[in-house]
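Here the structure is laid out as structure tokens; the discussion comes afterwards.
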Amino acid sequence: MNRLQKILTLVLTIVLLSGLAITHESHIVNALPSAEGEPENYVFLDVTYDPETKNYSLSGFSKDQLQQMGIPELQDVIWVILERFESLRLELGNAAVNLKADDKDLATINWDAESRDLIYGLLDSYGVKISDLSKERLETWLSKADIVLNVRNSPEISKPIVLDLSTLLMVDVNKEGKLSVEGFDTGVYLQPQVADIASSGGVTSATLCWSKGILNSMVNGNALPQVTLYQDGLQVVENALGLGLGDIGLFFKSQVGASVAFDGGTHETMECGQP
Amino acid sequence: MRRVIKVFLIIVGVIVLIYGVYFLMGRPAISLPTYHYTVPQGSPLYDLVRSTKSEKVTVILNTRGELKARDGTVDLINLRYTPRSFNNTVLLASEYLLPEDTQNTLAKIYKVVPLTKAVPGIIATFFYHVVRVRLTVEINAN
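Going down the list, the protein sequences come from chains A and B. Here the first sequence stands for residues 5 to 279, where the numbers follow the working numbering. Here the second sequence stands for residues 12 to 153, where the numbers follow the working numbering.
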């Protein structure tokens with residue numbers, strides 16, 4: 005009997021130790037939240053223009069590529085303004101908007117949530133209707149914004165876009181497949197097959213976040229496995245399948261995510277880039 | 012009867028002892044023999060495997076929650092899962108991959124025995140927490 009007690013004690017000890025180890029392993033480590041109002045959404049847009057050849061480039065795309073995407077030719081009046089400057093830089097932050105011309109400060113507008121609310125009211129009075137939801141989302145973005153638009157006179161191709169967004173884009177898809185982003189109607193319709201795929205799987209919401217090589221996803225609020233892509237690995241796939249991804253290195257410097265709600269579903273949130 | 016109990020307890024004791032040693036070693040993944048697979052020409056995977064430096068792709072599943080594909084020593088893709096995310100994926104995939112009849116039958120079973128819905132998760136949990144194995148598949152293109 006003494007022996008039986010010893011075996012039972014050993015079994016219990018191992019079970020308890022296993023339980024402790026498992027509980028310890030399932031702890032979720034959350035990133036420290038940043039201070040409220042601190043810039044978290046960084047966007048860098050580079051534009052180059054050459055008044056002599058009337059060539060321009062945006063975020064690494066040439067004039068021809070931009071026109072293939074449906075971006076129209078710049079009007080003469082814009083060229084007249086542009087050729088007077090060597091560079092223009094617009095910095096949009098949570099506390100101020102700065103405009104620089106030829107590396108010299110041109111104007112600064114200090115703003116906060118209250119003053120931005122006045123701007124929304126002003127826009128309303130000029131007939132630009134912004135819904136309360138859109139105002140709320142706009143404020144979420146602007147209170148954490150660190151956006152730089154760099155426009156410079158140069159014949160070279162502009163630098164690629166840099167996106168490091170901690171706020172998820174809120175995307176809604178209605179029954180007809182109409183797409184709206186942050187409450188603004190884009191006028192774009194998803195192909196019927198995409199909406200069908202979502203409805204046949206009972207998907208009401210999907211959240212995706214790409215963070216410098218790590219892809220987190222959730223469907224209907226349920227987390228799916230985390231995928232890590234490597235630059236060398238993606239290059240192999242690109243070479244083999246010719247996906248036309250362009251500058252792959254750019255993907256591994258960016259963070260961007262979206263919360264998609266189908267047909268009135270709820271938006272889910274998640275931490276980007278967390279293991 | 013006492014003899015049966017004694018034999019049973021000895022077997023349990025040996026299992027507990029072996030598992031105890033395995034546990035104290037940090038529950039390392041037990042490697043299973045490597046499975047070799049040759050992709051025939053014309054397969055969608057063929058070009059992908061041929062375009063790698065080593066001309067072979069190694070897929071390694073570690074039931075500790077990792078599935079990775081490598082080209083020699085270069086990592087191509089890594090997928091990390093937990094028993095919960097594994098179960099979520101299986102349930103989502105079953106909505107798309109299983110025929111409607113099978114889905115209806117499963118829905119009936121889930122209604123009567125709700126625990127069956129968690130079976131893939133339970134299996135994944137066992138191999139994730141209790142006994143971990145490593146399965147390697149080497150994919151070559153001829």
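Virtual Cβ for every residue (Gly too), placed ideally from N, Cα, C.
So, helix, strand or coil for residue i, using DSSP?
i	result
Ser119/A	helix
Gly191/A	strand
Ala99/A	coil
Tyr234/A	coil
Asn34/A	Confidence in Asn34/A is poor, its pLDDT being 36 and thus under 50, which makes the residue's placement unreliable; the coordinate value appears in the next sentence. Asn34/A: coil per DSSP, three-state reduction.
Asn73/B	strand
Ala40/B	coil
Gly64/A	coil
Thr147/B	strand
Thr52/A	strand
Ser65/B	coil
Gln52/B	coil
Ser209/A	strand
Phe266/A	strand
Ile88/B	strand
Arg81/B	strand
Ser147/A	coil
Val132/A	coil
Ala39/A	In this prediction, Ala39/A scores a pLDDT of 48, lower than 50, which makes its location untrustworthy; no coordinate-derived value is stated.
Leu153/A	strand
Lys17/B	helix
Leu78/A	coil
Asp109/A	strand
Ile26/B	helix
Val142/B	coil
If you compare alpha carbons, which of the options is closest to residue i?
i	options	result
Val47/A	Glu140/A, Lys257/A, Thr273/A	Lys257/A
Thr74/B	Ala40/B, Ile21/B, Leu102/B	Ala40/B
Ile134/B	Val124/B, Val32/B, Ala118/B, Gly76/B	Gly76/B
Leu219/A	Leu72/B, Ser54/B, Arg91/B	Arg91/B
Val198/A	Phe89/A, Val264/A, Leu249/A, Ile134/A	Val264/A
Leu173/A	Phe89/A, Ser138/A, Tyr234/A	Ser138/A
His47/B	Phe34/B, Tyr30/B, Lys67/B	Lys67/B
Leu139/B	Thr93/B, Ser54/B, Ile29/B, Lys128/B	The residue asked about is misnamed: residue 139/B is Tyr in this sequence, not Leu. Comparing Cα positions, the closest option is Thr93/B.
Met222/A	Leu238/A, Leu249/A, His271/A	His271/A
Lys128/B	Leu103/B, Val142/B, Val141/B	Leu103/B
Val142/B	Val15/B, Arg14/B, Ile16/B, Val32/B	Val32/B
Pro55/B	Val241/A, Leu249/A, Gly250/A	Val241/A
Gly206/A	Ser105/B, Ser96/B, Asp112/B	Ser105/B
Thr69/B	Gly253/A, Gly250/A, Gly237/A, Leu249/A	Gly237/A
Ala117/A	Ala100/A, Glu44/A, Gln235/A, Asn59/A	Ala100/A
Gln235/A	Gln71/A, Asn224/A, Pro229/A, Leu254/A	Leu254/A
Would you report the Cα separation of residue i and residue j, rounded to the nearest angstrom?
i	j	result
Glu87/A	Asn151/B	58 Å
Ala39/A	Ala149/A	Confidence is the limiting factor: at Ala39/A the pLDDT is only 48, short of 50, which leaves the residue's position unreliable, though a coordinate-based value still follows. Their Cα atoms are separated by approximately 13 Å.
Tyr107/B	Glu186/A	29 Å
Gly37/B	Thr45/B	23 Å
Leu194/A	Asp106/A	43 Å
Leu146/A	Pro76/A	28 Å
Asn114/A	Leu142/A	17 Å
Asp267/A	Gly131/A	28 Å
Lys182/A	Pro196/A	10 Å
Thr84/B	Glu149/B	13 Å
Asn99/B	Pro125/B	15 Å
Ile120/B	Lys79/B	34 Å
Val144/B	Ser66/A	51 Å
Ser135/A	Pro164/A	33 Å
Val152/A	Gly132/B	46 Å
Leu20/B	Pro110/B	47 Å
Gly269/A	Asn226/A	14 Å
Phe34/B	Val130/B	24 Å
Val177/A	Trp83/A	38 Å
Glu1/A	Ala111/A	Absent from the structure is residue 1/A, since the part of chain A shown begins at 5 and ends at 279.
Arg14/B	Pro51/B	58 Å
Val123/B	Arg120/A	56 Å
Tyr60/A	Thr136/B	56 Å
Residue i and residue j look like a contact to me (Cβ under 8 Å); what is the Cβ gap, rounded to whole Å?
i	j	result
Lys64/B	Asp82/B	6 Å
Asn102/A	Asp109/A	7 Å
Asn153/B	Thr49/B	5 Å
Ser162/A	Leu62/A	6 Å
Val231/A	Ile71/B	Wrong, their Cβ atoms sit about 15 Å apart, outside the cutoff.
Gly64/A	Asp251/A	6 Å
Ser96/B	Leu228/A	6 Å
Leu146/B	Leu43/B	5 Å
Would you check whether the ligand NAD has a heavy atom nearer than 7 Å to the C-beta of residue i?
i	result
Gly253/A	No copy of the ligand NAD appears in this structure; indeed no ligand is present at all.
Query raised in the report: Touching or not, the stretch 186-206 of chain A and the stretch 20-38 of chain B, by the rule of three or more beta carbon pairs under 8 Å?
Result: no
Query - Contact between the stretch 241-250 of chain A and the stretch 45-65 of chain B (3+ Cβ pairs under 8 Å) - result: yes
Query raised in the report: Are there three or more Cβ pairs, one per stretch, closer than 8 Å when the stretch 123-135 of chain A is compared with the stretch 91-101 of chain A?
Result: no
Query raised in the report: Is the stretch 168-184 of chain A in contact with the stretch 260-269 of chain A, if contact means three or more CB pairs nearer than 8 Å?
Result: yes
Query raised in the report: Does the stretch 265-279 of chain A come close enough to the stretch 206-217 of chain A to have 3 or more Cβ pairs within less than 8 Å?
Result: yes
**Report entry** the stretch 49-66 of chain A touching the stretch 151-161 of chain A, judged by at least three CB pairs closer than 8 Å
**Finding:** yes
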